[in-house]
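Student: Below you will find the structure I want to go over with you.
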Amino acid sequence: MIRYKKKLSYLLLLVVSLLVLSACSTTVTVSYLQPAKYDITKYKNLAIASMEVDDIPPYANSLITVEYDDFEEQVFSGYNRRIAYNVAETFTEELYDDLYKSSYFNIIKPSITDGYLSGLKYGVNSLNKLRDLGADAILVSQIDSIDYNEYTIIGDYKVIRNPDYYSDPTQDEYIEDDEREVTIVQQATIEFSYKIVDIDTGEIIASDSFKKTLTHDIDYNEDIVTLPSMEPIFEKAILYGESQIIEDLAPQYISTTITLKKNKSGNPYFDAGMDATKKGSLRVAYDSFDTAWTNSKLYEAGYNSALVLEALGERDLAIDRMNEVYNYFSDIDSYEQLSRMEQYKYNTNVAKDQITN
Numbered sequence: 016m017i018r019y020k021k022k023l024s025y026l027l028l029l030v031v032s033l034l035v036l037s038a039c040s041t042t043v044t045v046s047y048l049q050p051a052k053y054d055i056t057k058y059k060n061l062a063i064a065s066m067e068v069d070d071i072p073p074y075a076n077s078l079i080t081v082e083y084d085d086f087e088e089q090v091f092s093g094y095n096r097r098i099a100y101n102v103a104e105t106f107t108e109e110l111y112d113d114l115y116k117s118s119y120f121n122i123i124k125p126s127i128t129d130g131y132l133s134g135l136k137y138g139v140n141s142l143n144k145l146r147d148l149g150a151d152a153i154l155v156s157q158i159d160s161i162d163y164n165e166y167t168i169i170g171d172y173k174v175i176r177n178p179d180y181y182s183d184p185t186q187d188e189y190i191e192d193d194e195r196e197v198t199i200v201q202q203a204t205i206e207f208s209y210k211i212v213d214i215d216t217g218e219i220i221a222s223d224s225f226k227k228t229l230t231h232d233i234d235y236n237e238d239i240v241t242l243p244s245m246e247p248i249f250e251k252a253i254l255y256g257e258s259q260i261i262e263d264l265a266p267q268y269i270s271t272t273i274t275l276k277k278n279k280s281g282n283p284y285f286d287a288g289m290d291a292t293k294k295g296s297l298r299v300a301y302d303s304f305d306t307a308w309t310n311s312k313l314y315e316a317g318y319n320s321a322l323v324l325e326a327l328g329e330r331d332l333a334i335d336r337m338n339e340v341y342n343y344f345s346d347i348d349s350y351e352q353l354s355r356m357e358q359y360k361y362n363t364n365v366a367k368d369q370i371t372n
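In case it helps, this note's numbering puts the sequence shown at residues 16 to 372.
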């Protein structure tokens, strides 16, 4: 498949603008516990089976044709059938490691789980063996489908320096070459799913499916004979879903950055609070903002003092202060921050219950 493109050149200004804006901001970082999507507190003794592979396309030693104008060349595909099995193996290893590191589960290794599950095929009631190891549930997963596409994008002719320009400055300094810019795009699509099954009842406790498509661009040159392996692309796609599974099953610490408000009134306590925040001295920053708020009811000082308290881990006091600011000014910003703080507090309490139960 051949597609044509034109160059894009407007992104640089956008990136520079964002960098300038972020460099001028004073921020604090607040953290909270995000509860697991599924409450599986009764199933923390978890046996993990290796990911299985269901439907994958064959490998036919396919050739990709690069063709434009009078030029035609062929290169070998970067896909092979073994990729699906390698990616499944990587997924299993990462899932086991991440669930183990969460300290939320007691994990039975895939190698042990697989051995006992294989006995079921021969009529052996090996689930009792997993029960003896303490397993409450089994996590199974599989690649449902895997697909790939490799195609060329033919761009503009390359622009080169005119070799005759220095001897004859009346000529154009840059001219079009007879070669085009050619990009080969590797597109990987993978669908996979998982479920957690109660080892006693067979009930599905948690399940989800994922589909991810990623692409990788290769600048073509005539020295390329075989395209790079597509395995890293598929691996990146499936590990995106793996990280979502961890969020589904285990509480996570989440950190977010919040920008403090500026004030140009020249209040010395407020300015001292901003300086201390930039230096990371949050306790000093809070004391300064608190003084500016107490003495002058300076809106930005009250707002910032609440955020600094939250960054210090004192969310209840932060909620009290932001509520005080909102009651005084009835503004939308303090209301939104107050709502966010209360939501973070609720999420943290739910997550703590999941961990301790």
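Even for Gly, the Cβ is constructed at its ideal location relative to N, Cα and C.
Please state the DSSP three-state secondary structure of tyrosine 181.
Tutor: Counting from 1 along the sequence shown, the entry for residue 181 is found at position 166. Note: tyrosine 181 maps to coil in three-state DSSP.
Student: Whose C-alpha, out of Lys293, Gly317, Met337, Leu353, is nearest the C-alpha of threonine 42?
Tutor: On the sequence shown, residue 42 is found 27 positions in, with the first residue counted as 1. Checked all of Lys293, Gly317, Met337, Leu353; the closest Cα to threonine 42 is Lys293.
Student: Pick out the complete alpha helix (DSSP H) segments inside the region 271-304, 4 residues or longer, and give them in chain order.
Tutor: Complete alpha helix (DSSP H) runs here, min 4: 283-294.
Student: Which runs of the alpha helix (DSSP H) at least 4 residues long sit entirely within the region 55-131? Give them in chain order.
Tutor: Those alpha helix (DSSP H) runs which fall completely within the region 55-131 and span 4+ residues are 97-116.
Student: Apart from the five residues on each side of it in sequence, which residues of its chain come closer than 6 angstroms, Cβ to Cβ, to tyrosine 83?
Tutor: Here residue 83 is taken as the residue at index 68 of the sequence shown, counted from 1. Closer than 6 angstroms at Cβ, skipping near neighbours: Ile169, Arg195.
Student: So serine 46 is in the beta strand (DSSP E); what residue range does that whole segment cover?
Tutor: Within the sequence shown, numbered from 1, the residue matching residue 46 stands at position 31. 42-49 is the extent of the beta strand (DSSP E) around serine 46.
Student: Using the Cβ count rule (16 or more neighbours within 10 Å means buried), how would you classify isoleucine 347?
Tutor: Start at 1 with the first residue of the sequence shown, and residue 347 comes out as number 332. Result: exposed.
Student: Taking Cβ positions, are threonine 204 and valine 90 nearer each other than 8 angstroms?
Tutor: For the purposes of this step, residue 204 is taken as residue 189 along the sequence shown, with counting starting at 1. For the purposes of this step, residue 90 is taken as residue 75 along the sequence shown, with counting starting at 1. No, these two residues do not count as a Cβ contact at 8 angstroms.
Student: Which residue marks the beginning of the alpha helix (DSSP H) containing lysine 227, and which one marks its end?
Tutor: The residue labelled residue 227 in the question sits at position 212 within the sequence shown. Lysine 227 -> not in any alpha helix (DSSP H); beta strand (DSSP E) instead, spanning 219-234.
Student: Under 8 angstroms by Cβ, that's how I've got alanine 265 and isoleucine 153 pegged, so tell me the actual separation to the nearest angstrom.
Tutor: Looking up residue 265 in the sequence shown gives position 250. Looking up residue 153 in the sequence shown gives position 138. Incorrect: roughly 17 angstroms between the Cβ atoms, too far for contact.
Student: Grouping DSSP H, G and I as helix and E and B as strand, with all else coil, what is asparagine 164?
Tutor: By one-based count along the sequence shown, residue 164 stands at place 149. Correct three-state label for asparagine 164: strand.
Student: According to DSSP, simplified to helix, strand and coil, what is tyrosine 268?
Tutor: Taking the sequence shown and counting its residues from 1, the one referred to as residue 268 is at position 253. Reduced to three states, the DSSP call for tyrosine 268 is strand.
Student: Do you know offhand how far isoleucine 269's Cα is from isoleucine 123's?
Tutor: Here residue 269 refers to the residue found at position 254 of the sequence shown. Here residue 123 refers to the residue found at position 108 of the sequence shown. Rounded to whole angstroms, isoleucine 269 to isoleucine 123 spans 27 angstroms at the Cα level.
Student: With a cut-off of 8 angstroms, do at least 3 Cβ pairs link the region 245-261 to the region 110-117?
Tutor: Yes: the two stretches touch, three or more of their Cβ pairs being nearer than 8 angstroms.
Student: What does valine 365 pair with, by DSSP beta-bridge criteria?
Tutor: The count along the sequence shown starts at 1 and reaches residue 365 at position 350. Valine 365 pairs with nothing; no bridge assigned.
Student: By the three-class DSSP mapping on this structure, what secondary structure does isoleucine 261 have?
Tutor: Within the sequence shown, residue 261 is the residue found at index 246, counting from 1. Note: isoleucine 261 maps to helix in three-state DSSP.
Student: Under a Cβ-count criterion, where at least 16 other Cβ atoms within 10 Å of its own Cβ denotes burial, should isoleucine 219 be classed as buried or exposed?
Tutor: Working through the sequence shown from its first residue, we reach residue 219 at position 204. Exposed, since its Cβ has fewer than 16 Cβ neighbours within 10 Å.
Student: Taking only the alpha-carbon atoms, compute the straight-line gap between alanine 333 and leucine 145 and give it to the nearest angstrom.
Tutor: The residue you call residue 333 lines up with position 318 of the sequence shown. The residue you call residue 145 lines up with position 130 of the sequence shown. So the alpha carbons of these two residues sit roughly 48 angstroms apart.
Student: From which residue to which residue does the alpha helix (DSSP H) around asparagine 140 run?
Tutor: Within the sequence shown, residue 140 is the residue found at index 125, counting from 1. Careful: asparagine 140 lies outside any alpha helix (DSSP H) and carries neither H nor E.
Student: Between the region 316-330 and the region 290-307, can you find at least three pairs of beta-carbon atoms closer than 8 angstroms?
Tutor: The region 290-307 is in contact with the region 316-330.
Student: Taking all protein chains shown into account, decide if threonine 371 is buried (16 or more other Cβ within 10 angstroms of its Cβ) or exposed.
Tutor: The sequence position of residue 371 within the sequence shown is 356, counting from 1. Exposed, since its Cβ has fewer than 16 Cβ neighbours within 10 Å.
Student: Name the residue from Leu313, Ala99, Tyr94 whose alpha carbon lies nearest to the alpha carbon of glycine 281.
Tutor: As a working note, residue 281 is residue 266 in the sequence shown. Of the candidates Leu313, Ala99, Tyr94, the one whose C-alpha sits nearest the C-alpha of glycine 281 is Leu313.
Student: Quick one: residues in its chain with C-beta nearer than 7 angstroms to the C-beta of tyrosine 47, no 5 flanking neighbours on either side, listed in chain order?
Tutor: The residue you call residue 47 lines up with position 32 of the sequence shown. So the list reads Ile269, Tyr359, Asn362, Thr363, once near-sequence residues are dropped.
Student: Could you check the C-alpha separation between leucine 254 and asparagine 95 for me, to the nearest Å?
Tutor: Start at 1 with the first residue of the sequence shown, and residue 254 comes out as number 239. Start at 1 with the first residue of the sequence shown, and residue 95 comes out as number 80. Their backbone Cα atoms lie some 19 angstroms apart in a straight line.
Student: Check leucine 154 in the structure and name its three-state DSSP category.
Tutor: Here residue 154 refers to the residue found at position 139 when the sequence shown is read from its first residue. Residue state, collapsed to three classes: strand.
Student: Take the Cβ of glycine 288 as the centre, count every other Cβ of all protein chains shown within 10 Å, and call the residue buried at 16 or more, exposed below.
Tutor: Within the sequence shown, numbered from 1, the residue matching residue 288 stands at position 273. Glycine 288 comes out buried.
Student: In the DSSP assignment, find the alpha helix (DSSP H) that holds isoleucine 334 and state where it starts and stops.
Tutor: Within the sequence shown, the letter at position 319 stands for residue 334. Element bounds for isoleucine 334: 330-344.
Student: Between the Cα of alanine 221 and the Cα atoms of Gly295, Lys210, Asp129, which residue gives the shortest distance?
Tutor: Translated into positions along the sequence shown, residue 221 becomes position 206. Per the Cα distances, Lys210.
Student: Alpha carbon to alpha carbon, how far is proline 178 from aspartate 171?
Tutor: Numbered from 1 along the sequence shown, position 163 holds the residue referred to as residue 178. Numbered from 1 along the sequence shown, position 156 holds the residue referred to as residue 171. Going by the C-alpha atoms only, they are around 20 angstroms apart.
Student: Between the Cα of tyrosine 163 and those of Thr80, Ser117, Phe249, spot the shortest distance and give me the residue it belongs to.
Tutor: Your numbering for residue 163 matches position 148 in the sequence shown. If we check each option's Cα against that of tyrosine 163, Phe249 comes out closest.
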